[in-house]
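Residue numbers (the working numbering), protein chains in the order written: chain A, 1 to 210; chain B, 211 to 420.
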């Protein structure tokens, strides 16, 4: 099994590395996908949104057929939605994928690749209205959303929760438990300040039981 | 202000990139440290524990004096505790740091650099006994631990919580709230399976209110 993680200039670091870590724990300790690849347009280093510099494992030309594809968000998505090679890579791979996942504004890449038409989906709180305005997606204010083989997550850190829910769905709760325990993902449940109660906060945060 | 993130071969990805993202949000939206640097022994690419390939921004020779230093864990720590150049880098920088932080088994690097003597500290659940056996550290089973200017976190994902608590301490709750909201860090609060109730689970997980 091949699990691909797409990156591009100004991709948001935690969007793809949160899931990368969880999927890797699944691979290492609970028989998850044997191959995990960071995929980019070219073999050159990619500088992410917050300055991390990453070397891809594969390019659009060398990437094998993927069983799973994850698309992160970040400021770079504003440009990449107009990158025909990248959008073609996503839509071509999606045909044979068992699942396609996005985190944060990666949803806009999935949309442009034709994968969100008529589906329920979500994105970062600050882009919910922008996704709604596209008109052909049912945007919901949840942390993780599954609609068939398309999974979308809210902003940045939501990719970690997405990955665990995805593992549970694909391989069972025990596999997700092993990944969660290995990465010691039992968050502190602290809300700093009161931004989670602000006008802009998505519904699931306002209802968050912290 | 300079915030350095040490890396080395087989450093665990999420250990440093979780905090990297939160500190970056602090920088970008709430006047956090202007400079964030990934620091390694040489300018060559570094392959992390789960296969991510990262290019450092600075080396032990070119790194400026740091105000803050974070040390991740990962399988590589088993080797790096015996790397005199790396340990010297940590202990030399620590002299002028306002705070030194570790995530997961990064605690063993801090210990070797002389920073944990007589202090309260923690590490990944699977290494708690190994840290205790060193004899001169008070090992506690909490998710994040502060003792003076030394901060230690439990395994892998705990670095995210560490970073937010650290920001709140350094810059106030509002700055931490902005970083948390920007990264949409309102975790799903799901425990898969029952490993969190197992014999090996640290105390704070057993008492976790999920």
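Backbone N, C-alpha and C define an ideal beta-carbon position, used for all residues, glycine too.
query: Any beta-carbon of chain A closer than 8 Å to the one on residue 360 of chain B?; result: no
query: Going along the chain, which residues of the segment 180–199 of chain A sit with their C-beta nearer than 9 Å to a C-beta in chain B?; result: 180, 181, 182, 183, 184, 185, 186, 187, 188, 189, 190, 191, 192, 193, 194, 195, 196, 198
query: For the segment 129–206 of chain A, which segments carrying the beta strand (DSSP E) assignment without a break, of at least 3 residues, lie completely within its bounds, in sequence order?; result: 144–147, 150–153
query: Check the Cβ-Cβ distances between residue 39 of chain A and every residue of chain B, and say whether any is below 8 Å.; result: no
query: Any Cβ of chain B within less than 8 Å of the Cβ of residue 109 of chain A?; result: no
query: Using the C-alpha atoms, what's the distance from residue 317 of chain B back to residue 410 of chain B?; result: 19 Å
query: Can you check DSSP and say which residues form a bridge with residue 35 of chain A?; result: A:2
query: Residue 240 of chain B to residue 85 of chain A, Cα distance in whole Å?; result: 36 Å
query: What did DSSP end up calling residue 91 of chain A once you bin it into helix, strand or coil?; result: helix
query: Using a Cβ cut-off of 8 Å (strictly closer), state whether residue 215 of chain A contacts chain B.; result: In the structure displayed, chain A extends from 1 to 210; residue 215 of chain A sits before or after that span and is not available.
query: In angstroms with no decimal places, state the Cα-to-Cα distance between residue 5 of chain A and residue 366 of chain B.; result: 20 Å
query: By Cβ distance, which residues of its chain are closer than 6 Å to residue 102 of chain A, with the 5 residues on each side in sequence left out?; result: 71, 110, 152
query: What first and last residue would you give for the alpha helix (DSSP H) that runs through residue 42 of chain A?; result: No alpha helix (DSSP H) holds residue 42 of chain A; DSSP gives it neither H nor E.
query: For residue 17 of chain A, would you say it is in contact with chain B, using Cβ-to-Cβ distances shorter than 8 Å as the test?; result: yes
query: Classify residue 101 of chain A as helix, strand or coil using the three-state DSSP reduction.; result: strand
query: Using the beta-carbon of each residue, which ones in chain A are nearer than 8 Å to residue 265 of chain B?; result: 45, 53, 54, 55
query: Determine the chain A residues that contact residue 374 of chain B at a beta-carbon separation under 9 Å, and present them in chain order.; result: 188, 190, 192
query: Measuring straight from C-alpha to C-alpha, what distance separates residue 45 of chain A and residue 51 of chain A?; result: 12 Å
query: Could you confirm whether any beta carbon from chain B is found closer than 8 Å to the beta carbon of residue 73 of chain A?; result: no
query: Within 8 Å (strictly less), CB to CB, does residue 147 of chain A reach chain B?; result: no
query: Could you tell me whether any Cβ in chain A is nearer than 8 Å to the Cβ of residue 370 of chain B?; result: yes
query: Which residues in chain B have a C-beta closer than 7 Å to the C-beta of residue 203 of chain A? List them in chain order.; result: Going along chain B, no residue has its Cβ under 7 Å from residue 203 of chain A, so there is no contact; the nearest lies around 12 Å.
query: Would you report the Cα separation of residue 331 of chain B and residue 376 of chain B, rounded to the nearest angstrom?; result: 15 Å
query: 8 Å is my cut-off, CB to CB: does residue 236 of chain B come that close to chain A?; result: no
query: Please determine, among B:406, B:323, B:414, B:392, the residue with the shortest C-alpha to C-alpha distance to residue 196 of chain A.; result: B:392
query: Starting from the beta carbon of residue 231 of chain B, find every residue of chain A whose beta carbon is closer than 7 Å, and list them in chain order.; result: 13, 14, 50, 156
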